[in-house]
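Just so you know, the sequence shown maps onto residues 4 to 217 in our numbering.
Virtual Cβ for every residue (Gly too), placed ideally from N, Cα, C.
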Amino acid sequence: MLSRSLLLLIVFFCLNSNSIDAKESYWEEHHITLSDLTEEQQQTLELTINQLKTLESSELKIDKKVYRRLSRFKELFGISFHGREIAEWLLTRMRKVSYGNSWTVAVNQRGGDFMVGDIFFTKLGTLERLYLLIHEARHSDGKGYPHVKCPKGFRTISATQPDLDLEEEPACDDGPEGAYSFQAAFLFELFAYGIFDQKEVGLLYNSSISRVLR
Numbered sequence: 004m005l006s007r008s009l010l011l012l013i014v015f016f017c018l019n020s021n022s023i024d025a026k027e028s029y030w031e032e033h034h035i036t037l038s039d040l041t042e043e044q045q046q047t048l049e050l051t052i053n054q055l056k057t058l059e060s061s062e063l064k065i066d067k068k069v070y071r072r073l074s075r076f077k078e079l080f081g082i083s084f085h086g087r088e089i090a091e092w093l094l095t096r097m098r099k100v101s102y103g104n105s106w107t108v109a110v111n112q113r114g115g116d117f118m119v120g121d122i123f124f125t126k127l128g129t130l131e132r133l134y135l136l137i138h139e140a141r142h143s144d145g146k147g148y149p150h151v152k153c154p155k156g157f158r159t160i161s162a163t164q165p166d167l168d169l170e171e172e173p174a175c176d177d178g179p180e181g182a183y184s185f186q187a188a189f190l191f192e193l194f195a196y197g198i199f200d201q202k203e204v205g206l207l208y209n210s211s212i213s214r215v216l217r
């Protein structure tokens, strides 16, 4: 017979293995494959999506008239600003999430095949990870809403990279329904309801909406 200490060791190993292999149920429910992610990376990704689920609109922190004029969230997403609905919107646009490389942030390669890299996990905060996932998810719709080159003389609005030069780089959208519009619409709701630091969100919104060429 196995000794008591050996039995305890086996039980501990099994429990520990389950905790390592455990995944949130939404991956299986939406048939999303996770590939080459470490346990820590998977936990960070799941934490981000779980935090998305907690977002809720409450009391407006800006003028109601301004909000009604500038808000495009429901128009674009087709849903109200409720975290669980937004998470569902995101997950239905993901087929696979795989680890990319040391320089990749996040990219949607082929209609739902997300590749995320070291920067996404180690350099970005929750807010940045959230709006990047929203941005990339829009590329799963239609023909992908590819970016166009920013025009000659384009002035980049950035709080953290004022020297960033995007002139004639494929980092703009030529219509009001692309990924930057969705990113901006998401950020505007966060700003309007005072979710996260309002100053930071406001700067990110201005940077995002400036990429939408009118």
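Three-state class that DSSP yields for Leu169 in the structure shown: Here DSSP, grouped into helix, strand and coil, assigns Leu169 to coil.
Lys68 to Phe191 span [Cα, whole Å]: Near 14 Å, if we compare the C-alpha coordinates of Phe191 and Lys68.
Per-residue burial, Leu11 [other beta carbons within 10 Å of its own, 16 or more giving buried]: At Leu11, the pLDDT of 38 sits below 50, so the modelled position is not reliable and the matter cannot be decided from this model.
Neighbourhood of Ile160 by C-beta distance below 7 Å, restricted to the same chain and skipping five residues each side: Within the same chain, Ile160 has close Cβ partners Asn209, Ser210, Ser213.
Spatial neighbours of Phe199 in its chain, beta-carbon cut-off 7 Å, leaving aside the 5 residues before and after: Counting only residues of its own chain and dropping the five nearest sequence neighbours on each side, Phe199 has a CB closer than 7 Å to the CB of Leu130, Leu193.
Ser60 versus Gly86: straight-line alpha-carbon distance, rounded: Distance from the CA of Ser60 to the CA of Gly86, rounded to the nearest whole angstrom, comes to 9 Å.
With 16 other Cβ atoms within 10 Å as the buried cut-off, status of Ser28: In the assembly as shown, Ser28 is an exposed residue. Its beta-carbon has fewer than 16 other beta-carbons within 10 Å.
Reference Glu49; option with closest CA among Arg132, Ala195, Ala140: Of Arg132, Ala195, Ala140, the smallest CA-CA separation from Glu49 is found for Arg132.
Beta strand (DSSP E) runs contained entirely in the segment 98-158, provided each spans 3 or more residues: Fully enclosed beta strand (DSSP E) runs of 3 or longer: 99-102, 109-111, 116-119.
Local Cβ density within 10 Å of Asn111, reported as buried at 16 or more and exposed below that: Result: buried.
Sequence-distant residues of its chain with Cβ nearer than 6 Å to Leu207 (five each side left out): The answer, listed in chain order, is Leu190.
Collapsed DSSP secondary structure at Thr51 in the structure displayed: For Thr51, the three-state secondary structure derived from DSSP is helix.
Cβ contact (3+ pairs, closer than 8 Å) linking the segment 89-97 and the segment 138-147: For the pair of segments examined, the segment 89-97 was found to touch the segment 138-147: the number of CB pairs separated by less than 8 Å reaches three.
8 Å Cβ cutoff met for Ile35 and Arg98: Contact: yes.
Limits of the unbroken alpha helix (DSSP H) element including Ser184: Where Ser184 is concerned, the enclosing alpha helix (DSSP H) stretches over 182-195.
Through-space distance from Trp106 to Gly123, alpha-carbon basis: The sequence given here has Phe at residue 123, not Gly. Each residue's alpha carbon lies about 9 Å from the other.
Residue nearest to Glu62 in terms of C-alpha spacing, selected from Leu55, Ile52, Tyr70: Checked all of Leu55, Ile52, Tyr70; the closest Cα to Glu62 is Tyr70.
N-terminal and C-terminal residue of the alpha helix (DSSP H) that Leu94 is part of: For Leu94, the enclosing alpha helix (DSSP H) covers residues 86-94.
Contacting residues, own chain, Cβ-Cβ under 8 Å from Asp176 (five flanking each side not counted): So the list reads Tyr148, His150, Val151, Ala182, Tyr183, Ser184, Arg214, Val215, Leu216, once near-sequence residues are dropped.
Proximity to Gly128 [Cα-Cα], best of Ser38, Leu73, Ile52: Each of Ser38, Leu73, Ile52 was checked against the Cα of Gly128, and the nearest Cα belongs to Ile52.
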